[in-house]
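Below is one structure, written out as structure tokens, with a few remarks after it.
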Amino acid sequence: MTFKIFISFIFLFSSLSWAQSSSSRSSSKRPWLLSNKSDAEAAHRFSLAEWLDTKNRNSAMDMWLGYNTNSNIYEFKLGLNMNQDDVSTQVGGGSAVQSGSFHSYEGEFSAYAKNVGLTIGYHDNNEEHFADTTGLFNFRLFGKSMQTSHLTLHYGLRTRIGNGSTSYRLNQQFPAATMQLYLVDNFGAYGHYRKYLKVSESAFGETEGNEWQYGVFIEYGRLRIFGNIFDENQSSVLNNVITDINHKGSKIGIQLYW
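Here's what the structure looks like:
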């Protein structure tokens, strides 16, 4: 009987010691004041600092929507221009050879629904024996319309078909960006950049390139008269020989908006 009482006493003492040590370990990691209930209440607590932060974010969003939302859902543009193009060719790292100065004609049509639009273009260059057909998807990141200051991102495809002594077909995809800035009410500056991605074509080999355009414009209501400078570079590698073709010149044209 005495032995059983002794064993029970040992068991009770061990249980109390383990409970105390567990409680002390738990309290050393987390004070009893910072309970899970306190954390849950703090997570749903509304403070003045949180209200001010939310108010500032909503104000910035309202400002962006106010500046970039147009009351007109649809807008359109039709453009025609004449190009003067000076071409030079450099083969295998040698000296650049001037091919001459050429003239061509170009047209495009754009249609937008709010900030999203499509553009199709055609460039007829009989003197250099090729024609370009271009299609773009447009997303206007900033700006209310095509006749406001804006920043627009594009992704497109240009198909260039050569019909001279050498026939070829270049299908080049390209990302692009356009920035337009009005300096006064009816006068502004324009810039456009494209990066033609690498493709393989039998006449040129591995081909890629880029194009810059920049210029100014003046408007009379819905009519715009513009002048741009352009610089297009094409680099091709065929049979380990690098050929660089540069098109540099100017564009003068008109655009009609409605």
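In the working numbering, the protein residues as written are 131 to 388. Note that the Cβ used here is the ideal one computed from N, Cα and C, for glycine as well. Nothing here was measured: the structure is a model prediction, and the numbers come from that model.
Neighbourhood of residue i by C-beta distance below 6 Å, restricted to the same chain and skipping five residues each side
i      : result
GLU349 : ASN316
ARG288 : ASP262, THR264 and GLN302
SER96  : Residue 96 cannot be examined here, being either before or after the span of the chain that is shown, 131 to 388.
LEU266 : THR249, HIS284 and GLY286
VAL217 : SER229 and HIS377
ASN245 : ARG270
ASN255 : SER234
GLN277 : TYR387
GLY357 : GLY345 and ILE382
PHE260 : ARG290 and GLY292
GLY408 : Shown here, the chain extends from 131 to 388; a query on residue 408 therefore has no answer.
ASP215 : PHE232, HIS377 and GLY379
LEU208 : PHE239 and LEU386
In DSSP terms, what residue i is bridged to
i      : result
SER330 : GLU336
ASN376 : SER218 and ASN363
TRP342 : TYR323 and ASP361
ASN186 : According to DSSP, ASN186 bridges with nothing at all.
ARG270 : THR282
SER240 : LYS207 and THR249
GLN277 : Paired residue(s): none; GLN277 is not in a bridge.
LEU383 : Rather than Leu, the amino acid found at residue 383 in this sequence is Gly. Partner(s): ASN211 and PHE356.
GLU349 : ARG354
SER201 : Answer is none; SER201 lacks a bridge partner.
LEU368 : VAL371
Other residues of its chain near residue i: CB distance less than 7 Å, five sequence neighbours each side excluded
i      : result
LEU353 : ILE384 and LEU386
ALA319 : LEU311, LEU313 and VAL346
MET309 : LEU281 and GLY321
ILE355 : PHE347, ILE348 and ILE384
Where the beta strand (DSSP E) through residue i begins and ends
i      : result
ASN213 : 204-221
ARG290 : 280-293
ALA389 : Here the chain covers residues 131 to 388 and nothing more, so residue 389 does not appear.
MET309 : 297-314
Rounded straight-line distance, which links the Cα of residue j to that of residue i
i      : j      : result
GLU236 : TYR252 : 6 Å
LYS325 : TRP342 : 9 Å
ILE372 : GLY223 : 7 Å
LYS378 : ASN363 : 9 Å
GLU180 : LEU271 : 29 Å
GLY247 : TYR298 : 30 Å
HIS280 : PHE269 : 11 Å
VAL329 : PRO305 : 14 Å
SER158 : LYS185 : Model confidence at SER158 stands at a pLDDT of 47, short of 50, so the residue's coordinates are unreliable and nothing is read from them.
GLU258 : TYR323 : 23 Å
MET212 : ASN202 : 31 Å
SER240 : LEU182 : 42 Å
ALA243 : GLY351 : 21 Å
ASN369 : SER332 : 11 Å
ASN340 : ILE359 : 14 Å
THR296 : LEU210 : 28 Å
8 Å Cβ cutoff, residue i in contact with chain C
i      : result
TRP181 : Of the protein chains in this structure there is only one, and it is not chain C.
The ligand NAP heavy atom lying under 7 Å from the CB of residue i
i      : result
ASP374 : For the structure depicted, the ligand NAP is absent and the ligand set is empty, with no information on it obtainable.
What beta strand (DSSP E) runs, 3 residues minimum, are completely inside the segment 243-267?
246-255
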